[in-house]
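K.L.:
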Amino acid sequence: MKVICVGLLVCIFALFAVQGADVCRFGERWRCGSVECDKTCGTLTSTSDCTVTCTNGCYCAPGFVRTAFGSCSPRFVCRYKSASSRKT
């Protein structure tokens with residue numbers, strides 16, 4: 453009986469460990485991609501295809517761009533960034 457209980461607990465912990473591996477931050481989705489292929493405000497209008505090898509991980513969701521801080525923010529932040537850079 454103890455062996456069954458221990459085995460069950462091991463399975464439960466393993467399940468949570470596997471599920472936790474694909475938890476992404478706000479604005480990110482788990483998919484096959486590359487950080488180099490994530491759009492930024494600077495590459496938002498680029499039409500070139502990304503040819504970097506695909507790796508499973510958290511990448512910016514559609515409608516989001518990678519910021520200089522490494523997080524993904526909604527695309528509209530690029531408008532504010534470009535407007536503030538023109539004022540200086």
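Take 453 as the starting number for the sequence shown in the working numbering and just add one per residue.
For each residue, glycine too, the CB sits at the ideal point set by N, CA and C.
Bear in mind the structure is a predicted one, so any value in this text is a computation, not a measurement.
1. I'd like to check one pair, residue 513 with residue 485: are the Cβ atoms closer than 8 Å?
2. Contact defined as beta carbons within less than 8 Å: I believe residue 502 pairs with residue 489. What is the distance between those atoms, to the nearest angstrom?
3. Compute the distance between the beta-carbons of residue 518 and residue 524, then report whether it is under 8 Å.
4. With H, G and I counted as helix, E and B as strand and the rest as coil, what does DSSP make of residue 518?
5. Only counting the same chain, and skipping five residues up and downstream in sequence, which positions put a Cβ closer than 7 Å to that of residue 506?
6. Provide the residue span of the beta strand (DSSP E) that contains residue 510, from first to last.
7. Could you check which residue in 508, 493 and 504 has the C-alpha nearest to that of residue 521?
P.N.:
Result, derived from the coordinates:
1. no
2. 3 Å
3. Yes.
4. Taken through DSSP and simplified to helix, strand or coil, residue 518 comes out as strand.
5. 484, 485 and 486
6. Going by DSSP, residue 510 is part of the beta strand (DSSP E) stretching over 507 to 512.
7. 493
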